[in-house]
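First residue of the sequence shown: 1, per UniProt numbering; consecutive thereafter. Okay, so here's the structure we're looking at.
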Amino acid sequence: MPESKPNSLHDEAMNWEASKTLERERSERRAWTVAIAATIMTVLSWLAIVFMMPLKTTEAYVVRVDNATGVPDIVTAMEDKKVTGDEVMDKYWLAQYVLARETYDWHTLQQDYDKVGLLSSPNVGKEYAELFEGKEALDKRYGEKIRATVKVISVVPSGADTGTVRFIKTTKRVDEEGPGATTSWVATIAFEYRNPSIIKESQRLVNPFGFQVLSYRVDPEMTGGKQ
């Protein structure tokens, strides 16, 4: 029996060495598995960010503030904005109506008066005509000495045959050199397009699409400027 002891020690040493080698290999495999998993997760995270980037957009606008009135105005979007033909037409006629109705210039008064009447429904046209009736008629109070000019700030159609027009009105004497009295307003307008074939040729040249204002309300806009 004593002769087998060296072999037993040798076997134990070999088993111990094999055990350590196996343990080391297992540890290395675990380390590689963790490293590969971490790499895969990192790659997937970056891919998710790349694919989500087109979903996130930022629109930049230039905002201008009028120094005299304090009225803010969005000048334009940094990138081109798609606008439908109907929206462009609505904006045009809404702006044209406000310019004709709110401007007062003795030399173009009759032209503006006729245009407002042509672009208005009977009820709205009657309300406008009443501004020029009686002792306090606008043309009697202003005459040739006063002029009111209008600057349209923005036109926003709502998509339901209504729209809002923000504008600044400046009223001053014709011979006045100063800036005059400046006020800011918001016009809320309901409108529709009627068959233009029933109007005269001369009227069609002014209103070719039968634009008609059904209601018109003007409210002062609260700003940091004068009111």
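In this text, a Cβ means the ideal position worked out from N, Cα and C, and glycines have one as well. Bear in mind that the values here come from a model prediction, so they are computed numbers and not experimental data.
Taking the alpha-carbon positions, what's the residue i to residue j distance?
i, j, result
"S202", "G85", "25 Å"
"V98", "E176", "24 Å"
"V124", "V174", "29 Å"
"E144", "D105", "8 Å"
"residue 236", "R26", "Any question about residue 236 goes unanswered here, given that the chain covers just 1 to 227."
"Y216", "K126", "12 Å"
"G134", "T162", "32 Å"
"K200", "N207", "10 Å"
With which residues is residue i paired in a DSSP beta bridge?
i, result
"V150", "K169"
"S215", "A190"
Quick one: grab the DSSP three-state call for residue i.
i, result
"A100", "helix"
"E177", "coil"
"S121", "coil"
"G163", "strand"
"F191", "strand"
"S158", "coil"
"W185", "strand"
"V75", "For V75, the predicted structure reports a pLDDT of 49, less than 50, and the residue's modelled location is therefore unreliable. The matter cannot be settled from this model."
Would you kindly check if the distance between the Cβ of residue j and the Cβ of residue i is under 8 Å?
i, j, result
"R166", "Y128", "no"
"T171", "G180", "yes"
"D139", "L119", "no"
"M89", "F191", "no"
"L205", "P157", "no"
"V155", "K169", "no"
"T103", "A137", "no"
"P122", "T183", "no"
How close, in whole Å, do the beta carbons of residue i and residue j come, if the pair is a contact with beta carbons under 8 Å?
i, j, result
"V213", "W185", "At roughly 16 Å, the Cβ-Cβ gap does not stay under 8 Å, so V213 and W185 are not in contact."
Would residue i pass as an interface residue toward chain D - the criterion being a Cβ-Cβ separation below 8 Å?
i, result
"E176", "The structure shown contains no chain D; it holds only a single protein chain."
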